[in-house]
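For reference, each letter of the sequence shown is one residue, going 34 to 226 in my numbering.
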Amino acid sequence: MRVSDTFDMSQAKKFYHRSPRYTIQPKDEKFLRFVHKNEKNRSYTTQILNISATGLAFVVDQDCAPSIGDTIKVEFPVGQERIAWWAQVARLERYSRQPWWQHPIGLQQIKAEPLIEDEILVGIFFKDLPEGHSDHIRKELERKFQDMVRSERTEKIIRGFEFLSNHYWSLLLYGITAILMAGILYWLANPFS
């Protein structure tokens, strides 16, 4: 089954359990290789979009996209290691890159990337993944999520200090004005003192 404009992808999403997904960041290794089960002499290299303990999603040109239900062998990075295992294609949908104003890196990165018209997002789930591989993926994802929380917390603190340093005089003036207004209102509320 190939991707069609009328195919409703929400139907495929209902049948497969999904674990929390980690979206690949610019600093992460993001290259994946895959081989169709029947084409062992030809492999394809592409980029991962996100990964979870049960599967992952990647982008590929339409002419080399597998069909829904196909079994493929994938080799992908998990931390400093690479894992190779069998997976089944669970969903296909047309993929379009984010507009430059929504891109986290900005306009310069979008201009550097080639524009590909016929890209397909392929969602796969791992078939009978060995416990060792599964544990390694789970631990690495947990570490990545903790790193993200830690970096977001640090970024918020830095932004708070930047706000305070940029608006020091405004905040000081606001504080003095609030104290004076409270004093005046208190004095007006007690006319006999």
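We put the CB at the ideal spot given by N, CA and C, even for glycine. Here the structure is a predicted model, which is why all the values come from computation and not from measurement.
Original post:
So, helix, strand or coil for T87, using DSSP?
Top reply: The residue labelled residue 87 in the question sits at position 54 within the sequence shown. Coil, per DSSP.
Subject >> Option in C97, W119, R75, V155 with minimal Cα separation from I228 >> reply: Past the edges of the chain, shown from 34 to 226, lies residue 228, and the structure says nothing about it.
Original post:
Helix or strand or just coil, what does DSSP make of R130?
Top reply: Reading the sequence shown from its first residue, position 97 is the one you call residue 130. Coil at R130, not helix or strand.
Original post:
Contact check, H69 vs I116 under 8 Å by CB: the rounded distance?
Top reply: Here residue 69 refers to the residue found at position 36 of the sequence shown. Here residue 116 refers to the residue found at position 83 of the sequence shown. H69 to I116, Cβ: 19 Å. No contact.
Original post:
Three or more C-beta pairs closer than 8 Å, one from the segment 182-189 and one from the segment 120-129: is that the case here?
Top reply: no
Original post:
From K73 to A90, what does the alpha carbon distance come to, in whole angstroms?
Top reply: Here the question's residue 73 lines up with position 40 in the sequence shown. Here the question's residue 90 lines up with position 57 in the sequence shown. Each residue's Cα considered, the two are about 21 Å apart.
**OP:** Go ahead and label L148 buried or exposed: buried means 16 or more other beta carbons lie within 10 angstroms of its beta carbon, across all protein chains shown.
**Re:** Indexing the sequence shown from 1 puts residue 148 at position 115. With a pLDDT of 47 at L148, under the threshold of 50, the predicted position of this residue should be treated as unreliable, though the coordinate-derived value follows. Counting Cβ neighbours within 10 Å, L148 comes out exposed, since fewer than 16 surround it.
Original post:
Using the C-alpha atoms, what's the distance from Q113 back to Y77?
Top reply: For the purposes of this step, residue 77 is taken as the residue at position 44 of the sequence shown. For the purposes of this step, residue 113 is taken as the residue at position 80 of the sequence shown. Cα to Cα, the separation comes out at about 21 Å.
**OP:** Could you tell me the distance, in whole angstroms, from the CA atom of A120 to the CA atom of A86?
**Re:** Counting from 1 along the sequence shown, the entry for residue 120 is found at position 87. Counting from 1 along the sequence shown, the entry for residue 86 is found at position 53. The straight-line gap from Cα to Cα measures roughly 12 Å.
**OP:** Reducing DSSP to helix, strand and coil, say where K26 ends up.
**Re:** Because the chain spans 34 through 226 in this model, residue 26 falls outside it and cannot be assessed.
**OP:** Could you spell out where the beta strand (DSSP E) holding I105 opens and where it closes?
**Re:** The sequence position of residue 105 within the sequence shown is 72, counting from 1. I105 -> beta strand (DSSP E) spans 104-111.
**OP:** Report the rounded CA-to-CA distance for F158 versus R66, giving the unit in angstroms.
**Re:** On the sequence shown, position 125 is the one that residue 158 refers to. On the sequence shown, position 33 is the one that residue 66 refers to. Computed Cα separation, rounded: 15 Å.
Subject >> Residue from L197, D180, K63, E173 whose Cα sits closest to the Cα of V107 >> reply: Within the sequence shown, numbered from 1, the residue matching residue 107 stands at position 74. Here the closest residue by C-alpha is K63.
Original post:
Which residues share a DSSP beta bridge with H69?
Top reply: Counting from 1 along the sequence shown, the entry for residue 69 is found at position 36. Beta-bridge pairing links H69 to I105.
Original post:
If we count the other Cβ atoms within 10 Å of its Cβ and call it buried at 16 or more, is L204 buried or exposed?
Top reply: To locate residue 204, count along the sequence shown from 1; it is residue 171. Counting Cβ neighbours within 10 Å, L204 comes out exposed, since fewer than 16 surround it.
Subject >> Proximity below 8 Å, CB of I84 to CB of R54 >> reply: Here the question's residue 84 lines up with position 51 in the sequence shown. Here the question's residue 54 lines up with position 21 in the sequence shown. Against a cut-off of 8 Å, the Cβ pair of R54 and I84 comes out as a contact.
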